[in-house]
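full-length UniProt numbering puts the sequence shown at residues 1 to 281.
Just so you know, even glycine gets a beta-carbon here, dropped at the ideal spot from N, CA and C.
Notes follow the structure.
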Amino acid sequence: MGGDDCTACEMAGNICIPEQTTTPPKASMTVPARPQKRCSAETGRVREETPTKRPKLAIRKAKVEAQRAPPGNTTTIFTKLCHPIVFNDETAACNFCDGSSMAMLGLEQTAVEVIDWENGRGLKEVSGGHKANGHTSTRVCTICTMQRIPIIMCPKHRLRPIPGTASRSLDTDGALTALFAGRIRKKDRWCSICPALATYECETAQEDTGAFERPGRGCGLQLCETCMPSLAGVYKGDLQAMLGELTDEFSDERPLGLRADFELLKQDGLLTRYILWASEQ
Ligand SMILES: [Zn+2]
Ligand SMILES: [Zn+2]
Ligand SMILES: [Zn+2]
Ligand SMILES: [Zn+2]
Numbered sequence: 001m002g003g004d005d006c007t008a009c010e011m012a013g014n015i016c017i018p019e020q021t022t023t024p025p026k027a028s029m030t031v032p033a034r035p036q037k038r039c040s041a042e043t044g045r046v047r048e049e050t051p052t053k054r055p056k057l058a059i060r061k062a063k064v065e066a067q068r069a070p071p072g073n074t075t076t077i078f079t080k081l082c083h084p085i086v087f088n089d090e091t092a093a094c095n096f097c098d099g100s101s102m103a104m105l106g107l108e109q110t111a112v113e114v115i116d117w118e119n120g121r122g123l124k125e126v127s128g129g130h131k132a133n134g135h136t137s138t139r140v141c142t143i144c145t146m147q148r149i150p151i152i153m154c155p156k157h158r159l160r161p162i163p164g165t166a167s168r169s170l171d172t173d174g175a176l177t178a179l180f181a182g183r184i185r186k187k188d189r190w191c192s193i194c195p196a197l198a199t200y201e202c203e204t205a206q207e208d209t210g211a212f213e214r215p216g217r218g219c220g221l222q223l224c225e226t227c228m229p230s231l232a233g234v235y236k237g238d239l240q241a242m243l244g245e246l247t248d249e250f251s252d253e254r255p256l257g258l259r260a261d262f263e264l265l266k267q268d269g270l271l272t273r274y275i276l277w278a279s280e281q
């Protein structure tokens, strides 16, 4: 991720002031001061008591916790997105489906001081963030917002090879070249967690709300050759546990780290918080 390359600014025609990268690409966004029950996983994977029917319960829990978040508290997070993120954006300026690499590579990872905004709706940048560097809020259109909900709510991810990706070899080089040029190709299907091509997808049938089209009938979760065995093996299919433990850093397994938007798939993440907030308006 060259510091001189800022797709968002190019697309928006902004003047881009390159951000400093003094911060190590470590644990990105953490939700602000709030009881972090699941994070006790750090101290040795205790998650036996995790209920099987977790989505709805967890959503409710996230809701309660979001409401309890102490107002006016500032926290420092590491993020590749510009806050407050605008969800269900209808200005046709979505940063996630405009073919750019924003959802995957995002902006430079930056330490941002944020404040809880409007009853847990989201985070507002206070200082030192992408806003200060001339960026505008990351915009996520209604389709891009709603498409992620079934992944968050999926009762159990069952993964199968994506038809057509097993037999012929994927054009990984071409895909990555396009990604770094900020021109994602329509034909490439990307892992939901890291910037790599997906070869597996969840096939768990979803309640058909008819609202939004998704590729296949599954929840929309797509995983690469690294993330699939990790989810299925290490995390026994528990995506939330996986998202809670992964940190956005470069590794042999994931040379590009994690996607800029991976935290939006968390049950207590900003997208869920937005949905809960919006449903009460
Ligand atoms: Zn920029
Ligand atoms: Zn979009
Ligand atoms: Zn699923
Ligand atoms: Zn992956």
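Express the C-alpha separation of residue j and residue i in angstroms, rounding to a whole number.
i: Ala256; j: Pro195; result: Position check: residue 256 holds Leu in this sequence, whereas Ala was assumed. Straight-line Cα distance between these residues: approximately 6 Å.
i: Cys97; j: Ile143; result: 9 Å
i: Asp171; j: Gln281; result: 45 Å
i: Thr145; j: Gly174; result: 27 Å
i: Glu113; j: Asn73; result: 10 Å
i: Thr76; j: Glu125; result: 10 Å
i: Gly233; j: Thr226; result: 11 Å
i: Ser127; j: Ala205; result: 43 Å
i: Ala198; j: Gly164; result: 11 Å
i: residue 315; j: Asp116; result: The question about residue 315 has no answer here: the residues shown for the chain are numbered 1 through 281.
i: Thr247; j: Glu90; result: 31 Å
i: Ile152; j: Pro161; result: 20 Å
i: Asn133; j: Leu123; result: 17 Å
i: Gly218; j: Cys141; result: 21 Å
i: Val150; j: Tyr200; result: Correcting the residue type first, residue 150 is Pro in the shown sequence and not Val. Near 16 Å, if we compare the C-alpha coordinates of Tyr200 and Pro150.
i: Glu108; j: Leu179; result: 15 Å
i: Tyr274; j: Gly106; result: 20 Å
i: Gly220; j: Gly129; result: 31 Å
i: Phe78; j: Phe250; result: 15 Å
i: Lys186; j: Thr177; result: 14 Å
i: Ser100; j: Lys80; result: 14 Å
i: Glu245; j: Thr110; result: 20 Å
i: Leu271; j: Ser279; result: 12 Å
With distances taken between CB atoms, is the gap from residue i to residue j smaller than 8 Å?
i: Cys191; j: Cys224; result: yes
i: Phe262; j: Leu243; result: yes
i: residue 289; j: Asn95; result: Residue 289 is absent from the structure shown; the chain starts at 1 and stops at 281.
i: residue 297; j: Arg259; result: With the chain represented from 1 up to 281, any question about residue 297 goes unanswered, as that position is not in the structure.
i: Arg148; j: Leu264; result: yes
i: Arg254; j: Gln222; result: no
Who does residue i pair with in a DSSP beta bridge?
i: Pro161; result: Tyr200
i: residue 359; result: Residue coverage of the chain in this structure runs from 1 to 281, which leaves residue 359 outside it and unanswerable.
i: Leu222; result: Going by the sequence as given, residue 222 is Gln instead of Leu. Looking at the DSSP assignment, Gln222 forms a beta bridge with Glu201.
i: Leu123; result: Asp116
i: Asp89; result: Cys141
i: Trp190; result: Leu197
*Could you please go through the chain and list the residues whose beta-carbon is closer than 6 Å to any non-hydrogen atom of ligand 4?*
Cys191, Ile193, Cys194, Ala196, Leu223, Cys224, Thr226 and Cys227
*Using 8 Å as the Cβ pair cut-off and three pairs as the minimum, do the segment 143-159 and the segment 229-245 touch?*
yes
_Would you call the segment 82-102 in contact with the segment 132-149, where contact means no fewer than 3 C-beta pairs closer than 8 Å?_
yes
_Under 5 Å, CB to any heavy atom of ligand 2. Which residues pass, going along the chain?_
Cys94, Phe96, Cys97, Cys141 and Cys144
_Nearest-residue set for ligand 3, Cβ under 5 Å from any heavy atom_ = Cys154, His157, Cys202, Thr204, Cys219 and Leu221
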